[in-house]
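Only one structure is covered here, and it is reproduced in the block below.
Residue numbers (the working numbering): 7 to 91.
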């Protein structure tokens with residue numbers, strides 16, 4: 007049976023630069039930024055699988071990832087999202 011491994015990605019907003027960025031991540035090497043949270047999430051979806059594959063030994067050691075396991079990324083917002091009124 008395939009297990010699900012959950013990795014967290016913390017997103018924050020830099021008010022000076024007016025950019026969203028990866029503040030902390032369980033995915034080794036994940037350092038991205040974007041103008042808005044949606045764009046940042048799309049960039050993370052594109053980059054994370056390759057970074058996990060490149061760093062599979064570290065991810066396996068830290069999180070028990072085994073061949074055949076599935077990985078799920080959970081975004082954690084460390085800054086609030088402002089909604090248009």
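We put the CB at the ideal spot given by N, CA and C, even for glycine.
- With respect to residue 29, residue 16 sits close: the two C-beta atoms are nearer than 8 angstroms.
- If you ignore the 5 residues before and after residue 46, its C-beta comes within less than 8 angstroms of the C-beta of 17, 26, 27, 28, 38, 39, 40, all in its own chain and listed in chain order.
- Contact between residue 8 and residue 76 is confirmed by a C-beta separation of about 6 angstroms, below the 8 angstroms threshold.
- In this chain, the beta strand (DSSP E) harbouring residue 12 covers 10-20.
- One thing to note: residue 32 has its Cβ no nearer than 8 angstroms to the Cβ of residue 60.
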